[in-house]
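Residue numbers (my numbering), protein chains in the order written: chain A, 1 to 528; chain B, 1001 to 1355.
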């Protein structure tokens, strides 16, 4: 394949006015932050909101200066070190897993459902087991970040490898490339766009999970400062950290983007054909991995390697699960969470899709909002909770919006990048065919960006689950499966915790499976 | 045309009348917030006064005739989330532990302490092989406490009794659930926390070393109902009736013969095992625990906590406790309910001084 300029229109399209005399364009990304800053100042000045929840910019500036003198940088350094280690490990683990799942349909069928179920069980539930394995030190924190990073990376790489151009794959087979050559010449470059998207999402996930991590036995780090500031009702500290997290995150995100632009020399995967996803493998290939894990668990419990309070035997957990299912407690809690989840996911994914399309298709809008959205995305929603409850109240609506926010960003990023990465030749074809805006969207943009959109959708669905549990953990109580799990943790009832984990994982896998059916239907045209 | 205007005028006068009448009669809803302490499916304040009020629908019954709804909100995010909701003007009354209330007030929230409860216990548990037999043994050990909560102050007070401070130990900051897991995983030697930590004792994962029941009343911590100044000023009568209901129930629990029923009712709602409720209250003087009177013990205790919080850097500015407490409503409730003399006043050490 060629690597001629026609295949690389992105840089040109994303920065439409770059070049001499484009000062206005360069200032474009600053407009939205400036407007938000002005709005903040006015709101604080007019007293639209309580000064505790929305401290005036002057106080935040004052606090920033105090913190600067009082170790803001060392704290940031500690967090960055944790992030770097987690990111490196997470990227490697994610690439390996994603590659494994994407390289063959058999592997995909065997691993993907279990992977999907496991990653959507909230980290919170894993903490006791993680503590047992990793202790309370740095290893624990890095393990949590690693998991957060590996998830989106694996999801994206999985798709990238799987949807690698079939004709190229055939060519590689005909050329009898060795496995190494095949990896180097075909698989790696072909999955690079997906990997880069995965890295950006992983960076965001890792960066935001710092908060959860530094809540655990830490007295330092930027995430700790956020948690501590909130604990002490000094939200000006939280605001300083939001600014720092957003700015540093923005720089890192831009770095990934620069690497992305420099590295990508490959046709877009959008139009790649693939073998029918709808064609099913015989039998139940996915069942073996859960069975193996169950066997491992049973053996550990049986040998008594771990205290039964910590890791109850599968039999105990299953009987707790059955009991909870039969007396209606678990199904009722699951129903509450599912309703919340569906509403939030629908809202977040819908708005994310629309925003991603708009920003991808309208370069000016993209320039206007890109930086701001990136910054917002990289600050954990937890930090926004006080403002969120101020605006949305303390009821059910607040939880739904929390979930929507959690899944808005992965969707928006994936869609926007999918649209930007559309092959230039198809864009030309669409222009030549004089497609109207609606037709263009329908026949060119949406189908072309479908793989990216669905990759975003899958991640959004997974993150919405985590958001659902998070909403039940951090906000007011309104029942739900996450609430049930946390309550059981209060009494260290690991059997109840694990039975909710199984249920959460199963529900997540079921939703993921439904999403795959939709995806298979929507991308049927790509089947060879 | 003119008749239309007359009608309009009449209608708006009527509407205006309705609005002012509604204002005079009281709010449409009273919003109460408190940390969620439940472990079952239904949110609640745990084995506590709030759960009793909630289950009995005591406030609902009192205000039903005025058409005023009662809205309970239980916050998983505990003290910080309650303070944020107060700042956002989403609550009228809250039930909070002392440090969270102090932090809110020091942060500029216009709250008043209306009715105290006191003597909430903290427990020190240690892993079986930690070698910790008494408070003094904590020196150099790894102990966890949820920093920035009332338990941190209570720990520091207890440590001070034996000449120790946080810096003599390796103190690790963990929330309640993570602390249980860390102790069970033997990553720590000891945990200073509320009664739910005894769940580890029942599982044989930890031993009870000591508690504030043994260490004395000055290492316990206090809690109470706070009202927003805005609500109290706008609705003094409603506030009085609200406090009356609480004091009536405090009187009920202060009588030992009702304790069994209190446990049954609150344990059923909150899912907290009965044994934990018993461990928290048994042997305690119930009159002390549920006295609604703002006496020297409350004022001096809170003043000491404020000073402690300031010293630890948990609050930026000190607060004047005397200007914060508002004993008027509780005193009046005690009087009108004919309970004068039922609860003694307690001095700063928690000894009864006068009827």
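Beta carbons are placed, not taken as given, at the ideal position from N, Cα and C, and that holds for glycine.
- Rounded to whole angstroms, the gap between the alpha carbons of residue 1076(B) and residue 477(A) is 6 Å.
- For residue 1191(B), the enclosing beta strand (DSSP E) starts and ends at 1190-1193.
- Those residues of the segment 390-407 of chain A placed with their C-beta closer than 7 Å to a C-beta in chain B are 390, 393, 394, ordered along the chain.
- When rounded, the separation of the alpha-carbon atoms in residue 1281(B) and residue 456(A) is 53 Å.
- Residue burial is scored here from C-beta neighbours: residue 466(A) has at least 16 other C-beta atoms within 10 angstroms and is therefore classed as buried.
- The three-state reading of DSSP puts residue 1293(B) in coil, since its state is none of H, G, I, E or B.
- For residue 1152(B), not one C-beta of chain A is nearer than 8 Å to its own C-beta.
- Residue-level contact by beta carbon fails for residue 1062(B) and chain A, as no gap is shorter than 8 Å.
- One thing to note: residue 1286(B) has its Cβ no nearer than 8 Å to the Cβ of residue 1222(B).
- Within the segment 1083-1109 of chain B, contact with chain A at the beta-carbon level (separation under 9 Å) is assigned to 1083, 1084, 1085, 1086, 1087, 1088, 1089, 1090, 1091, 1100, 1103, 1104, 1106, 1107, 1108, 1109.
- At least one CB of chain A lies nearer than 8 Å to the CB of residue 1074(B).
- Taking 8 Å as the cut-off, the beta carbon of residue 1233(B) is found no closer than this to the beta carbon of residue 1161(B).
- DSSP places residue 1032(B) in no alpha helix (DSSP H) but in the uninterrupted beta strand (DSSP E) bounded by 1029-1035.
- Contact between the segment 479-487 of chain A and the segment 325-344 of chain A is established, with three or more Cβ pairs separated by less than 8 Å.
- Residue 1027(B) does not reach chain A, its nearest Cβ partner there being about 17 Å away, counting only Cβ pairs nearer than 8 Å.
- Annotation: the continuous alpha helix (DSSP H) that includes residue 161(A) extends over 138-162.
- Bridge partners of residue 1221(B) according to DSSP: 1120(B).
- Residues of chain A whose Cβ lies closer than 9 Å to the Cβ of residue 1055(B) do not exist; the shortest such Cβ separation is about 16 Å.
- As the crow flies, the alpha-carbon of residue 506(A) is around 12 Å from that of residue 287(A).
- At a Cβ-Cβ threshold of 8 Å, residue 1125(B) and residue 1143(B) do not count as neighbours.
- Rounded to the nearest whole angstrom, the C-alpha separation of residue 1064(B) and residue 1073(B) is 19 Å.
- Fully contained in the segment 375-460 of chain A are the following alpha helix (DSSP H) runs of length 4 or more, in chain order: 381-392, 396-420, 424-432.
- Listed as beta-bridge partners of residue 1172(B) by DSSP are 1144(B).
- Residues of chain A with a Cβ closer than 7 Å to the Cβ of residue 1172(B) are, in chain order, 136, 217.
- In the DSSP annotation of this structure, the continuous segment of the alpha helix (DSSP H) that includes residue 1064(B) starts and ends at 1058-1064.
- Segment contact: the segment 173-182 of chain A against the segment 104-122 of chain A, fewer than three CB-CB distances shorter than 8 Å; contact not assigned.
- Using a C-beta cut-off of 8 Å, the segment 228-240 of chain A makes no contact with the segment 190-197 of chain A, since fewer than three inter-stretch Cβ pairs fall below that distance.
- Relative to the Cα of residue 1318(B), the nearest Cα in the group 1085(B), 1105(B), 1135(B) belongs to 1105(B).
- Look at residue 1187(B): its C-beta is under 8 Å from a C-beta on chain A.
- CA-CA distance, residue 325(A) to residue 144(A), rounds to 30 Å.
- Under the Cβ distance rule, residue 1203(B) counts among the residues neighbouring chain A, one pair being separated by less than 8 Å.
- Nearest CB-CB separation between residue 228(A) and chain B: below the 8 Å threshold.
- Under the Cβ criterion of 8 Å, residue 80(A) is not counted among the residues facing chain B.
- Residue 1101(B) is a Cβ neighbour of residue 1226(B), given a cutoff of 8 Å.
- Taken through DSSP and simplified to helix, strand or coil, residue 218(A) comes out as coil.
- Checking the DSSP bridge columns, you'll see residue 1072(B) partnered with 1032(B).
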